[in-house]
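Chemist: My questions will all concern the structure given below.
Number of protein chains: 6
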Amino acid sequence: MRSVTLERDIMMHPAGSCMVSFGNTRVICTATIENDVPPFLKESGKGWLTAEYGMLPGRTGGGRKRRDGIKKDGRSTEIQRLIGRSLRAAVDLTRLGPVTVFIDCDVFQADGGTRTASITGAWVALYDALAKLAEQQGQAGPEYYIKGQVAAVSVGIVNGQVVCDLDYEHDSGACVDMNVVKCGDNLVEVQGTGEQGTFSREELNQLLDAADRGIGEIYRIQRESLGI
Amino acid sequence: MRSVTLERDIMMHPAGSCMVSFGNTRVICTATIENDVPPFLKESGKGWLTAEYGMLPGRTGGGRKRRDGIKKDGRSTEIQRLIGRSLRAAVDLTRLGPVTVFIDCDVFQADGGTRTASITGAWVALYDALAKLAEQQGQAGPEYYIKGQVAAVSVGIVNGQVVCDLDYEHDSGACVDMNVVKCGDNLVEVQGTGEQGTFSREELNQLLDAADRGIGEIYRIQRESLGI
Amino acid sequence: MRSVTLERDIMMHPAGSCMVSFGNTRVICTATIENDVPPFLKESGKGWLTAEYGMLPGRTGGGRKRRDGIKKDGRSTEIQRLIGRSLRAAVDLTRLGPVTVFIDCDVFQADGGTRTASITGAWVALYDALAKLAEQQGQAGPEYYIKGQVAAVSVGIVNGQVVCDLDYEHDSGACVDMNVVKCGDNLVEVQGTGEQGTFSREELNQLLDAADRGIGEIYRIQRESLGI
Amino acid sequence: MRSVTLERDIMMHPAGSCMVSFGNTRVICTATIENDVPPFLKESGKGWLTAEYGMLPGRTGGGRKRRDGIKKDGRSTEIQRLIGRSLRAAVDLTRLGPVTVFIDCDVFQADGGTRTASITGAWVALYDALAKLAEQQGQAGPEYYIKGQVAAVSVGIVNGQVVCDLDYEHDSGACVDMNVVKCGDNLVEVQGTGEQGTFSREELNQLLDAADRGIGEIYRIQRESLGI
Amino acid sequence: MRSVTLERDIMMHPAGSCMVSFGNTRVICTATIENDVPPFLKESGKGWLTAEYGMLPGRTGGGRKRRDGIKKDGRSTEIQRLIGRSLRAAVDLTRLGPVTVFIDCDVFQADGGTRTASITGAWVALYDALAKLAEQQGQAGPEYYIKGQVAAVSVGIVNGQVVCDLDYEHDSGACVDMNVVKCGDNLVEVQGTGEQGTFSREELNQLLDAADRGIGEIYRIQRESLGI
Amino acid sequence: MRSVTLERDIMMHPAGSCMVSFGNTRVICTATIENDVPPFLKESGKGWLTAEYGMLPGRTGGGRKRRDGIKKDGRSTEIQRLIGRSLRAAVDLTRLGPVTVFIDCDVFQADGGTRTASITGAWVALYDALAKLAEQQGQAGPEYYIKGQVAAVSVGIVNGQVVCDLDYEHDSGACVDMNVVKCGDNLVEVQGTGEQGTFSREELNQLLDAADRGIGEIYRIQRESLGI
């Protein structure tokens, strides 16, 4: 697994912000809180959390990438929906009150695993933002809102070997690729895909075992970064 | 599991077409073949398969739905990417030659499971289209191009029970929801999500077992419909 | 004239639905009713009727057609405006109360005359939807809202002969092409166009005579289908 | 009928241009010629003619109108298609050679009948543009390309009376409204619509008679303006 | 400097309108007043002024220009923002009351300097529109709202010479190009750009001197046109 | 003037990159080089330079900002055009050969002066990118392509005082606001605007003097950062 680092409070204005690195993959994650909820939650007393995923044009080798224009491409849309679902699993929306947490993940540098790095960094930014919300709402701390620790890692089978946290080169060569998101000891999302080849139940189990180990280590780094 | 039916050759023009029903969910699936490939495959000799997912405005209760306008919503984009990947797993693209297979899945009536019904029906339309291609290209039959039988089913945990092929009511109440796509005996896609709750490895295994049984039955119905 | 058939109640959810066939041209027509009116009718007490026209990508020979994307093309926009005007002529909007009737016509298979088949089928779906509205509003029956029976047919001059209900081949070869919509004994819309040639008043009269005969026969088939 | 005037050569650059007035309705019409044809005519040797319809934001009373933004509304699209078809009827496309004539009609002031004024003025601009083309191509004059004189007028039934060339007030009160385009003695387009009421064959004939008289007078004014 | 002319009241409906010519550059300027303000001024009691810039497709030589489609290009956006800022400098927004003045500048013919002609003509249309507003609001005259006379001119360095009011040919050959807008004796906007070369402080001063002389002459023509 | 800092080589992939800070305003600037030119320069042998300006959603206080969607707003478009023109003044495009330099400026944190910080940082990224191009093309160094050093600063009149490098608070209170871009000792762009008040020639001269002093200091910091 590549080196995972988290640098908090990189921006002045968002309630929470961090730069997360999984090797050369680096993502700017922010959490901001607004006093409004989407129409379908008006009058419900519940809060909401939503995510957006962007990318800087100089993030990769092989030439500058075009900015998202008239519509996000399918891949970006999938990723931001995944980030949103994963972090909603971490939060007790009924305790938030009528606020919306916006998670923004902007890829600064891309080398595979941007979605799992985003989820991992966004949870740290979310923790800091909820600490500020707790102060405002007179609660003891962010734990009041948080149902569990959330982190994610990619796993895959490359040249017949199970690999954890695939970089771009691994990812391109993987015959099976799976993103695993956990909340505490349980799973939140499992997305395995075998476009270059199919996979058996046994291989699926090996991949899940590797993800368990990887996420355990990432959990530790998140807690260390937050001092909890 | 709900009753699954397949009605072939419902349209004159596409090389393959069928109406697939999973209970009250009904999807019009077509496969058409064009003598062209996307730019990234020019000169490669390989073929391609891509899918689009649409929905008729009168497909559901609770009022007419708006047509997809300026951009497909995130959910539709995810589904059509899933259908495309799943069926590409079934086809040997290097044997197709420089043609593109277009899969179109248009939801006629929606009651949960439209993506799994779409994949299941699209494989039947694809089989018929490849039979025509085989004739044109002087091959023995569609098996020349087909790497395996593909079908899909949704499984979930509803009120603590594992349920196979969730209708809309089940789907709304499920705390875990998983779509499983198989090709032959292996897995192609596993997409499990627990927005209303997380799930353990043991529950994941129970869900996969239920999907195995469901897809086995659907495989039988596909073969019966095709007379193979 | 080609064989005209009408199959009612093909979908569970819309208040009225039918599959209309004019020869190989087949259109899915639905009518749904919502408890709202457009802004310009708020506070007026009147209702509204509007129509949308779509097409399935596998509807024709000569290859798959692209889905309507960022904007409807001019032809589709014209057709849905024509369908809307034609059916509004059939309904007493002041009696509807503050509801909107949405007509959706989705071309399942295209072989000329999709707009006239759409209007013809949509009137049948509308009749069934208004029967349900009558029940809800405590009126005797759909006749309370309906000002007249509406049907449409295309007529044209092909190789010097007047033809009624042109299929695609006729349509391509016609030097004059006219769509006629009637409500009861009167005309609602006459749209004659002579891009490949102009036409005289006498020819116009022959076309209108042919349309009268064709619509008379279609009226009979509509009534038979509805049992009225 | 309102006073019809035509002022030619109002702009320096287009091959033909005129300001046409039907009473207070005023339209800037231009015809420009480019040495290219649309893809479907490449290699055919034939030319093409196409039209666009725009509107200045200060054209009407009742407040400024918004500019056409992301898409032309349905009405504008219908009108520009009508203008294009009507003027294509006037031109022998096989004699043009591989050029495209662009007709632009921009409404300067609107008081009913903008589409019929546009067609009438555009024919004059077209005549002047084809005179220049004839010079370039060494033909005797614009008559080499022109199949007939084209003009248009609206007719309607207002308070039970047949009216020719409806202004905005008439148009709003008309129970039947018909646009008639002629080329020489024949009809090119007849578009009658009875949204506020239906109409009989006899009424249709009265409307066509009125249009014949009106277009006869407009033909005279066009010829006078061109000095032919 | 080219001949500058102003023709007022060219349209019936806008509160003020004029055709402004700077040589062969001609722009249709209108000012309309609506009883509403943008959201950020609601409840403020202040009014607003905004501008839009459009172009007719036949405005230039070198072929027909495409209409602005899905988005205004960067140049048009810049110009309309400049027009708006320049004329807001001329108006006491707190005296207008809760109304919005819409300025529309549509280029009829383009030969360099369309933005400066637009500002110059728009001020005249604005003056006439504010005269009507004064009548409605019971004020003595347009001077009640107007803080100063506004006009604009372009200046540049062409072949080492300072030129005032550049036509298209000058503009293409200028190594420095500057647009100067004045309100009374003061400057409102100075936009100097040296893409084809840089410029010294001394050259800047020479350009500003030339603009002073040019705007002085244009002020005289504006007042003459308005009879003030 | 606020503290100006430049941190180079913050990203792996672009040929040049830096984070520029003007006080709390921070912008990520990158320069990438592609072996292609826009259509209007094909066959010319010349190169091109173009710029894009983006903003991270968490860049300001007062709540999260929405991402640029279907179209860039007018302000962003103006800024990126200004950045592009300013840096083109620094480069000898005829010496580049057929390559395009893409400048991307993404605002990380905004507190006034983002456009002048962008130009200043982009020149440093450009210098580094041209150093790499020089190596590839066998030239002595980046000076081969560079016509001059480019930097920018904003100046304004706040409460009657001339201020250099306005932060957001100053900017909101300025009655005159001017952006000055220099290349060597000369001016490239002067954009002065007085929406909240007009300004005299004398004030203009004071503003330009202040800009001269500020840019002199920024030039020094750029050279120090590059070690030249």
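Protein chains in written order, with the numbering used here: chain Y, 1 to 228; chain X, 1001 to 1228; chain B, 2001 to 2228; chain R, 3001 to 3228; chain H, 4001 to 4228; chain V, 5001 to 5228. Idealized CB from N, CA, C, for every residue including glycine.
#1: Residues in its own chain within less than 8 Å of M3001/R by CB, not counting five upstream and five downstream?
#2: Count the other CB atoms within 10 Å of the CB of E3169/R; is the residue buried (16 or more) or exposed (fewer)?
#3: Excluding sequence positions up to five away, which residues of its chain have a Cβ less than 7 Å from the Cβ of L226/Y?
#4: Counting only the same chain and skipping the five closest in sequence on each side, list residues whose C-beta sits under 6 Å from that of S4118/H.
#5: Check for me: the alpha helix (DSSP H) holding I3083/R runs from which residue to which?
#6: How many angstroms separate the CA atom of N2024/B from the CA atom of R2064/B?
#7: For I1070/X, which three-state DSSP category applies?
#8: For a contact meaning CB atoms closer than 8 Å, what does L1006/X contact in chain B?
#9: Quick one, which of V5190/V, R5008/V, I5033/V and E5043/V has its alpha-carbon nearest V4180/H's?
#10: Considering only the alpha carbon of each residue, which of A1122/X, N1035/X, R1059/X and R1008/X lies closest to G1112/X?
#11: Go through its chain and collect everything with a Cβ distance to L5187/V's Cβ below 6 Å, but skip five positions before and after it.
#12: So, helix, strand or coil for E4135/H, using DSSP?
#13: Starting from I5157/V, find everything on chain Y with Cβ-Cβ shorter than 7 Å and list it in chain order.
#14: Going by other Cβ atoms of all chains shown within 10 Å of its Cβ, with 16 needed for buried, is I1228/X buried or exposed?
#15: Based on Cα-Cα distance, which residue from K1182/X, S1200/X and G1194/X lies nearest to F199/Y?
#16: Is there a C-beta anywhere in chain V that falls below 7 Å from the one on D9/Y?
#17: Report the neighbours of E1034/X on chain B: residues whose CB is nearer than 9 Å to its CB, in chain order.
#18: Within its chain, find whatever has a CB closer than 8 Å to the CB of D1036/X; leave out the 5 residues flanking it on each side and keep chain order.
#19: For a contact meaning CB atoms closer than 7 Å, what does R3213/R contact in chain H?
#20: Am I right that I3221/R and L3006/R are in contact with their C-beta atoms under 8 Å? What's the rounded C-beta distance?
#21: Looking at the C-beta of D104/Y, does it have a partner C-beta in chain V at a distance below 7 Å?
#22: Sorted by chain position, which residues of the same chain lie with C-beta nearer than 8 Å to Y4219/H's C-beta, five sequence neighbours on each side aside?
#23: Just checking: is the beta-carbon of T5025/V within a distance shorter than 7 Å of some beta-carbon in chain Y?
#24: Name, going along the chain, the residues of the stretch 4186-4199 of chain H whose beta-carbon falls closer than 7 Å to a beta-carbon of chain V.
#25: Report the three-state DSSP secondary structure of D1212/X (helix, strand or coil).
#26: Provide the residue(s) that pair with E1052/X in DSSP beta bridges, ordered along the chain.
#27: Indicate the three-state DSSP secondary structure (helix, strand or coil) for V5037/V in the structure shown.
#28: A1031/X to A1129/X, Cα distance in whole Å?
#29: Chain R partners of S4017/H, CB-CB under 8 Å?
#30: Going along the chain, which residues of its own chain have a beta-carbon closer than 7 Å to the beta-carbon of I3070/R, five neighbours each way excluded?
#31: Excluding the five sequence neighbours on either side, which residues of its own chain have a C-beta within less than 7 Å of the C-beta of R3184/R, listed in chain order?
#32: Buried or exposed for P4057/H, going by 16 or more other Cβ atoms inside 10 Å?
#33: Can you tell me the Cβ-Cβ gap for A1134/X and A1140/X, rounded? I've got them flagged as a contact below 8 Å.
#34: Taking DSSP's pairing of strands, which residues face A151/Y in a bridge?
#35: Evaluate P38/Y with the Cβ neighbour count: other Cβ atoms within 10 Å of its Cβ, from every protein chain shown; 16 or more gives buried, anything less gives exposed.
Modeler: Judging by the given coordinates:
#1: V3153, C3164, D3165, G3214 and E3217
#2: exposed
#3: V124 and Y127
#4: V4027, I4083 and C4105
#5: G3074 to R3088
#6: 17 Å
#7: Residue placement at I1070/X is poorly supported in this model, since its pLDDT is 42, which falls under 50; the coordinates are not used for a value here.
#8: Residues of chain B passing the Cβ test: none, with the nearest at roughly 17 Å.
#9: V5190/V
#10: R1059/X
#11: none
#12: helix
#13: What I5157/V touches in chain Y: nothing, since even the nearest Cβ is about 28 Å away.
#14: exposed
#15: K1182/X
#16: no
#17: G2063 and R2064
#18: P1098, V1099 and T1100
#19: Ordered by position in chain H, no residue passes the 7 Å Cβ test against R3213/R, which lies about 28 Å from the chain.
#20: 6 Å
#21: yes
#22: Q4149 and A4151
#23: no
#24: N4186, L4187, V4188, E4189, V4190, Q4191, G4192, T4193, G4194, E4195, T4198 and F4199
#25: helix
#26: D1104/X
#27: coil
#28: 6 Å
#29: G3058
#30: Low confidence applies here, because I3070/R scores a pLDDT of 42, under 50, leaving its location unreliable; read the following figure in that light. Closer than 7 Å at Cβ, skipping near neighbours: no residue.
#31: According to the sequence displayed, residue 3184/R carries Gly and not Arg. Taken in chain order, the residues that qualify are G3148 and Q3149.
#32: buried
#33: 7 Å
#34: K182/Y
#35: exposed
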